[in-house]
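Asker:
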Amino acid sequence: LRAMAERNITFRPRVPRHELRDLYRRARAFVYAAVEDFGITPVEAQACGCPVVAYNKGGLTETVIHGETGLFFPEQTSESLLEALCQFERRDFSGKRTRKNAERFSKEAFLKAFRRACPVGAPGESPKCQPTG
Numbered sequence: 001l002r003a004m005a006e007r008n009i010t011f012r013p014r015v016p017r018h019e020l021r022d023l024y025r026r027a028r029a030f031v032y033a034a035v036e037d038f039g040i041t042p043v044e045a046q047a048c049g050c051p052v053v054a055y056n057k058g059g060l061t062e063t064v065i066h067g068e069t070g071l072f073f074p075e076q077t078s079e080s081l082l083e084a085l086c087q088f089e090r091r092d093f094s095g096k097r098t099r100k101n102a103e104r105f106s107k108e109a110f111l112k113a114f115r116r117a118c119p120v121g122a123p124g125e126s127p128k129c130q131p132t133g
C-alpha cells in the first residue's frame, strides 16, 4: 500500500492521542471500510468534527448519519468507495452537527440513559430497571 500511495497519503502507526485529535480535526474525511459491531474510531473522528465515509454494514449504520455526518458506500469495492468519495466532494458537512452526533456515545450520555433506565431506590434496595427499547 505504501508503494501505491499518493504523496498526500501518510501511514502513521501508533499516533499519540493528542496528535490523533489534531489529525481528525484537519482531515477532510475519515474513511472506514471494515465491518465492526460498533467501531469506536469513526465515533472519535466525528467527535472531532470529521465526517465519515464508511461501508454500510455493522454498527456504523447506527453511529454515522448518512448525508448528515458522513456517507455510506454499499459494497466493499474500490469502485463503490470511489463513488462515495466523489459524492462526498460535492457535499458540505457541518463539523458542529458531526460533533453533536458523536456526543450520543459519550460517557455522560451513557450514564444519563443508564440512570433513567435503572433509577436507584432507597438504600439497600435493588435498582428498578426498565427496558428502554
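First residue of the sequence shown: 1, per my numbering; consecutive thereafter.
Each residue gets a CB set at the ideal place from its N, CA and C atoms; glycine is no exception.
1) In or out: residue 60 buried (at least 16 other Cβ within 10 Å) or exposed?
2) Which complete alpha helix (DSSP H) runs does the segment 19 to 87 hold, if anything under 4 residues is left out?
3) Pick from 24, 23, 33: whose alpha carbon is nearest that of residue 77?
4) Could you tell me if residue 16 is buried or exposed, where buried requires 16 or more neighbouring beta carbons within 10 angstroms of its beta carbon?
5) If you reduce the DSSP assignment to three classes, tell me which class residue 98 lands in.
6) Looking only at its own chain, which residues have a Cβ that is under 7 Å from the Cβ of residue 54, when we skip the five neighbours before and after it?
7) Per DSSP, what kind of secondary structure is residue 114 in: helix, strand or coil?
8) Does the beta-carbon of residue 3 have 16 or more other beta-carbons within 10 angstroms, so that it is buried, or is it exposed?
9) Under a three-way DSSP split, which group does residue 6 fall into?
Answerer: Reading off the structure:
1) Walking along the sequence shown from the start, residue 60 turns up at place 60. Classification of residue 60: buried, given that the 10 Å Cβ count is 16 or more.
2) 40 to 47, 60 to 63
3) The count along the sequence shown starts at 1 and reaches residue 77 at position 77. The option with the nearest alpha carbon to residue 77 is 33.
4) Here the question's residue 16 lines up with position 16 in the sequence shown. Per the 10 Å Cβ criterion, exposed.
5) Numbered from 1 along the sequence shown, position 98 holds the residue referred to as residue 98. Three-state DSSP puts residue 98 in a helix.
6) As a working mapping, residue 54 is identified with position 54 in the sequence shown. These residues qualify, in order along the chain: 32, 42, 60, 64, 70, 72.
7) For the purposes of this step, residue 114 is identified with residue 114 of the sequence shown, where counting begins at 1. Reduced to three states, the DSSP call for residue 114 is helix.
8) The sequence position of residue 3 within the sequence shown is 3, counting from 1. With fewer than 16 Cβ atoms within 10 Å of its Cβ, residue 3 is classed as exposed.
9) As a first step, residue 6 is located in the sequence shown; it is residue number 6 there, counting from the start. Three-state DSSP puts residue 6 in coil, outside helix and strand.
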